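To keep things clear, I will list the structure first and then write my remarks on it.
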Amino acid sequence: MQTPSQFVRLEAEALTRLAASLSTTLRDPAERALELLAAARLVAVTGVGKSGIIARKIAATLTSTGTPALFLHPTEALHGDLGLLTAQDAVLALSYSGETEELLRLLPAITRLGAPLIAFTGCPTSALARTATVTLDTSVAAEACHNNLAPTASTTVMLALGDALALTLSSRANFLPTDFAGLHPGGNLGRQLTPVHALMHAGPALPHVSPSTPMPAVIHEMSDKKLGMTTVLHPNGTLAGIISDGDLRRVLERTGAAILSSAAGAIMNPTPQTIAPHALASEALLHMESRKITSLVVVENQQVQGVIHLHDLLQ
Numbered sequence: 490m491q492t493p494s495q496f497v498r499l500e501a502e503a504l505t506r507l508a509a510s511l512s513t514t515l516r517d518p519a520e521r522a523l524e525l526l527a528a529a530r531l532v533a534v535t536g537v538g539k540s541g542i543i544a545r546k547i548a549a550t551l552t553s554t555g556t557p558a559l560f561l562h563p564t565e566a567l568h569g570d571l572g573l574l575t576a577q578d579a580v581l582a583l584s585y586s587g588e589t590e591e592l593l594r595l596l597p598a599i600t601r602l603g604a605p606l607i608a609f610t611g612c613p614t615s616a617l618a619r620t621a622t623v624t625l626d627t628s629v630a631a632e633a634c635h636n637n638l639a640p641t642a643s644t645t646v647m648l649a650l651g652d653a654l655a656l657t658l659s660s661r662a663n664f665l666p667t668d669f670a671g672l673h674p675g676g677n678l679g680r681q682l683t684p685v686h687a688l689m690h691a692g693p694a695l696p697h698v699s700p701s702t703p704m705p706a707v708i709h710e711m712s713d714k715k716l717g718m719t720t721v722l723h724p725n726g727t728l729a730g731i732i733s734d735g736d737l738r739r740v741l742e743r744t745g746a747a748i749l750s751s752a753a754g755a756i757m758n759p760t761p762q763t764i765a766p767h768a769l770a771s772e773a774l775l776h777m778e779s780r781k782i783t784s785l786v787v788v789e790n791q792q793v794q795g796v797i798h799l800h801d802l803l804q
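When we follow the numbering used here, the leftmost residue of the sequence shown carries the number 490, and every step to the right adds one.
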């Protein structure tokens, strides 16, 4: 009886063979496929059954990494959805046998349309492969299934190849984290990719004093803004330093009540940690955690824009 690790190894071996073939026999077809996908206005990814499920995932990955794509069900395409496509689009069709009936019925319409057809198939001599503009061989030595029946290794290879094409397109187009953030505004991922300026405390919510502000007024500002710190600003809005609750405690331990006769400039930290307003929330969180601090001053062109606090990133 085989164990889970043995099944995983079978799929891993299929991926190893795919990686090797992309450096040899599939190198040129893959490059041609990338050219067609990059030039397309829209990529329609299609397939039936398990291949259709993989096609949906590939379409989602393409879209979220900068290549507009959609899943096109072959049957629905024959009943009107083909109207979504033009000759400026590309079709990516998945079928391990290359003989899936629903998919083959769609091929003449794609040919008449004039859209390039890219095929993922395990049978390079199949009807799908013969019709395709470019064929990428996704054959596997055997399925991981102990009966060699359930699509397992073959669908894993198709998924990995689709991801590889999508991410290569994204890399070549210089798709940046900020671009990714714009397409993922929701959920935990969206929060990580939110720019700092969307979360920072700014305007009236920004704690700030001048270097000459007396300590009673500094303490009042810190208590009022409830961030456990205040910025210390020069009259022109540039950053002179910050004062944190920790700074106050350390000075109080050394000087006692004499701290109340000091001004902000005498006890501030003149070299605080800062971050740019367009940096991502995930970057700000890593910055704070690595330095064991709870806030960053947001600065652009030497002007203080706001403050971002650890709580803003964790809530």
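Idealized CB from N, CA, C, for every residue including glycine.
If you're wondering where the values come from, they're calculated on a predicted model, not measured in any experiment.
Check, Outcome
"What's the C-alpha gap between D801 and H697?", "19 Å"
"Anyone know if the C-beta pair for E632 and S643 falls short of 8 Å?", "yes"
"Less than 8 Å between the beta carbons of L571 and A527, yes or no?", "no"
"What separation, rounded to the nearest whole angstrom, lies between the Cα atoms of E502 and R516?", "19 Å"
"Going by DSSP, what residues sit across from A582 in a beta bridge?", "T535, A608"
"Quick one: what does DSSP say M718 is sitting in, helix, strand or coil?", "strand"
"Note down the Cα distance separating H568 from R506, rounded to an integer number of angstroms.", "38 Å"
"With C-beta atoms as the reference, is H686 less than 8 Å away from Q794?", "yes"
"Over the uninterrupted beta strand (DSSP E) stretch that includes F560, give me the two end residues.", "558–560"
"Using 8 Å as the threshold, is the C-beta distance between S701 and A752 below it?", "yes"
"Please determine, among E789, P640, G745, I731, the residue with the shortest C-alpha to C-alpha distance to G538.", "P640"
"Near T624, what residues of its chain come up, given a Cβ to Cβ distance below 7 Å and the 5 sequence neighbours on each side ignored?", "P518, A608, T610, P613, A618"
"Considering Cα atoms alone, identify which of L769, P761, V740, T550 is closest to A755.", "V740"
"Suppose the cutoff is 8 Å on Cβ atoms and the five residues either side in sequence are ignored; what does the same chain contact list for T554 look like?", "A655, L656, L658, S659, F664, F669"
"What are the partner residues of S733, as DSSP defines its beta bridges?", "M718"
"Please list, in chain order, all residues of the same chain as R661 whose beta carbon is under 8 Å from its beta carbon, the five residues on each side excluded.", "L523, A527"
"Report yes if the CB atom of M689 is closer than 8 Å to the CB atom of I543, and no otherwise.", "no"
"Just to confirm, are A582 and L559 a CB contact at a threshold of 8 Å?", "no"
"What's the C-alpha gap between T627 and Y585?", "7 Å"
"Classify T744 as helix, strand or coil using the three-state DSSP reduction.", "helix"
"Are the beta-carbon atoms of I782 and M757 separated by less than 8 Å?", "no"
"Output yes or no for whether 8 Å exceeds the beta carbon distance between T620 and T600.", "yes"
"Taking 8 Å as the limit between beta carbons, can you name the residues of its chain near R594, skipping five residues before and five after?", "P563, L567"
"How big is the Cα-Cα spacing for E590 and A509?", "31 Å"
"What distance in whole Å lies between the Cβ atoms of P766 and V787, which are believed to be in contact at a cut-off of 8 Å?", "5 Å"
"Thinking just about the alpha-carbon of each residue, which of Q577, T763, V796, N790 is nearest to the one in R780?", "T763"
"Where does L682 sit, in a helix, a strand or coil, going by DSSP?", "coil"
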